[in-house]
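Chains as they are written, first to last, in the UniProt record's numbering: chain F, 1 to 215; chain R, 1 to 215. Input: a single structure, listed below in structure tokens.
There are 2 protein chains.
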Amino acid sequence: MAHLMRMAELSAQSGVPVASIKLYLREGVLPPGERTSPNQALYGEIHVRRLRLIRALREVGDVPLAAIKTIVGALDAQTGSTHEILGMVQQAITAPIDDSARDEVVETMVDEIIAEQGWFTRQNPARDMVVAALSRVIELGGDPAQYRELLSAYARAAEIAARADIAGIARELESDTIVEEAVTWTVLGDTVLSGLRRIAQESGSAKLFRHEECE
Amino acid sequence: MAHLMRMAELSAQSGVPVASIKLYLREGVLPPGERTSPNQALYGEIHVRRLRLIRALREVGDVPLAAIKTIVGALDAQTGSTHEILGMVQQAITAPIDDSARDEVVETMVDEIIAEQGWFTRQNPARDMVVAALSRVIELGGDPAQYRELLSAYARAAEIAARADIAGIARELESDTIVEEAVTWTVLGDTVLSGLRRIAQESGSAKLFRHEECE
């Protein structure tokens, strides 16, 4: 029989404070425990796993509780292919974009890049996310043409990362935590990639620009 | 003579509401205008540019005001090389990481990857960001070895993006908005890369996993 535990142990094992566990139970992102008396319930491994998932998404991925609700709902429904679940996660974590931030030249450029990579996209909100971010930079006075090459390099980088993502998921499809891992990695992979980009920038920038210090 | 304007026009030109402009003036992230009477001041192009920068960082990059203060402070100081300014931006936007999230195996793996790429890093908080994110994923039940290849692919992707960043900055060093552009791109480049990764994932995932739907 699986090990059952009280709230205090659940908190210790998952590293999530009791007050947060109670919030997650109320919000329905954590399934209820097995009630043993009106004031007590027992929890199992499934609760520990779910809390670790929530903690990873919240603490490192900075995902709002509302998005976690959607993600967890899709996990619990246990319908839909891995492709559909991951698509839903993407929708949940991609914040809606303020329309004013669209620059038409940028929009065309982004669509060209998508076509260049042979990607196809069905109303992926990530496209608008890219358009908005780049439009903002260009609004500062940048020349869109200067960003064409940059964007193209980013698309190549994204393709490498995404291929590795998909290969990683495909390799572990039999693992019983694969969907949770895939969901978390969809979110935290952004953090990993951003972090590595910063480390790479530090090295590249030091080589190129640090001599300015001596002038 | 440069065009000077009142608060209302500054708001219209920058797309930032008057209440926010007043907050930024109080917080010192926007330099004061030229006072023409006790209740009125005039603003110029420098204010429009600064507001666009703040808006880009806040709205798309989701950078907290405290970090924007640090970034703007470094811009205004006008000392330090481009390398130093970008390094400071990185520090400001990289949130401090909860130490409990470190897994030793992951830490070693990340350092190996950094060495593999020939990167060097001087206490870059981005390293801890990567370690924490990956540690959280592995905590869910993943096998660290399975992530070795993924991490290596991500490092290659990050190198491509960072090289393009540095080349882009080097190409435009003479532009008078280069530091603002570089600062914004350091932040929003993450958003662009995440967005493109999601689009690439959608394509890759559809190819590989969508057949599950028909089973």
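Each residue gets a CB set at the ideal place from its N, CA and C atoms; glycine is no exception.
I'd like to know if residue i contacts chain R, where contact means its C-beta is closer than 9 Å to some C-beta of that chain.
i: F:Val-16; result: no
i: F:Val-63; result: no
i: F:Gln-13; result: no
i: F:Arg-198; result: yes
i: F:Ala-206; result: yes
i: F:Glu-213; result: Unreliable positioning characterises F:Glu-213 in this predicted model, as indicated by a pLDDT of 46, which lies under 50. A coordinate reading is not provided.
i: F:Ile-113; result: yes
i: F:Val-60; result: yes
i: residue 231 of chain F; result: Nothing about residue 231 of chain F can be read from this structure; chain F reaches only from 1 to 215.
i: F:Val-192; result: yes
i: F:Glu-116; result: no
i: F:Asp-176; result: yes
i: F:Leu-75; result: no
i: F:Leu-30; result: no
i: F:Gly-189; result: yes
So residue i is in the beta strand (DSSP E); what residue range does that whole segment cover?
i: F:Glu-34; result: 34-37
Pop quiz: residue i and residue j are said to be a contact at Cβ under 8 Å. What is the actual Cβ separation, rounded to whole angstroms?
i: F:Gln-90; j: F:Thr-186; result: 7 Å
i: F:Ile-169; j: F:Ile-178; result: 7 Å
i: R:Arg-166; j: F:Gln-201; result: Residue identity differs from the one stated: residue 166 of chain R is Ile in this sequence, not Arg. R:Ile-166 to F:Gln-201, Cβ: 7 Å. Contact.
i: R:Val-183; j: R:Leu-75; result: 7 Å
i: R:Val-137; j: F:Ala-56; result: 7 Å
i: F:Arg-197; j: R:Ala-158; result: 4 Å
i: R:Thr-121; j: R:Ile-114; result: 6 Å
i: F:Arg-49; j: R:Leu-140; result: 7 Å
i: R:Tyr-43; j: R:Met-88; result: With a Cβ gap of about 26 Å, R:Tyr-43 and R:Met-88 do not count as contacting.
i: R:Met-109; j: R:Pro-144; result: 6 Å
i: F:Met-129; j: F:Thr-94; result: 6 Å
i: R:Tyr-24; j: R:Ile-46; result: Actually they do not touch by this definition, with Cβ atoms about 13 Å apart.
i: R:Leu-193; j: F:Leu-193; result: 6 Å
i: residue 269 of chain R; j: F:Gly-204; result: Lying before the first or after the last residue shown, residue 269 of chain R is absent from chain R, which here runs from 1 to 215.
i: R:Leu-188; j: R:Val-105; result: That pair is no contact at about 33 Å.
i: F:Met-7; j: F:Val-16; result: About 11 Å; that fails the 8 Å criterion.
If we define contact as Cβ-Cβ less than 9 Å, is residue i a contact residue for chain F?
i: R:His-3; result: no
i: R:Leu-140; result: yes
i: R:Thr-70; result: no
i: R:Ala-164; result: yes
i: R:Gln-78; result: no
i: R:Ser-203; result: yes
i: residue 221 of chain R; result: Look at the range of chain R in this structure, 1 to 215, and you will see that residue 221 of chain R is not part of it.
i: R:Ala-170; result: yes
i: R:Ala-167; result: yes
i: R:Gly-195; result: yes
i: R:Leu-10; result: no
i: R:Glu-104; result: no
i: R:Glu-181; result: yes
Using the DSSP secondary-structure output, state which residues sit across from residue i in a beta bridge.
i: R:Leu-42; result: R:Glu-34
Name the two residues that bound the continuous alpha helix (DSSP H) containing residue i.
i: R:Met-5; result: First-last for R:Met-5: undefined, no H or E at that position.
i: R:Gly-73; result: 65-77
i: R:Val-130; result: 125-139
i: R:Val-89; result: 82-93
i: R:Gln-146; result: 144-171
i: R:Val-18; result: 18-27
i: R:Asp-103; result: No alpha helix (DSSP H) contains R:Asp-103, which DSSP labels as neither H nor E.
Quick check: is the beta carbon of residue i nearer than 9 Å to any beta carbon in chain B?
i: F:Glu-116; result: The displayed structure is made up of protein chains F and R, and chain B is not among them.
When you check each C-beta in the stretch 82-93 of chain R against every C-beta of chain F, which residues fall closer than 7 Å? With the criterion set as a beta carbon lying under 7 Å from some beta carbon of chain F, the members of the stretch 82-93 of chain R are Thr-82, His-83, Leu-86, Gly-87 and Gln-90, in sequence order.
Select from the stretch 36-58 of chain R all residues with a C-beta closer than 8 Å to any C-beta belonging to chain F, and list them in chain order. Here the close residues are Arg-49, Arg-52, Leu-53, Arg-55 and Ala-56.
What residues from the stretch 123-138 of chain F come within 7 Å of chain R, judged by C-beta to C-beta, listed N to C? The residues in question are Asn-124, Ala-126, Arg-127, Met-129, Val-130, Ala-132, Ala-133, Leu-134, Arg-136 and Val-137.
For the stretch 146-161 of chain R, list every residue whose C-beta sits within 9 Å of some C-beta in chain F, in sequence order. Residues are counted here when their Cβ sits less than 9 Å from a Cβ of chain F; for the stretch 146-161 of chain R these are Gln-146, Tyr-147, Glu-149, Leu-150, Leu-151, Ser-152, Ala-153, Tyr-154, Ala-155, Arg-156, Ala-157, Ala-158, Glu-159, Ile-160 and Ala-161, given in chain order.
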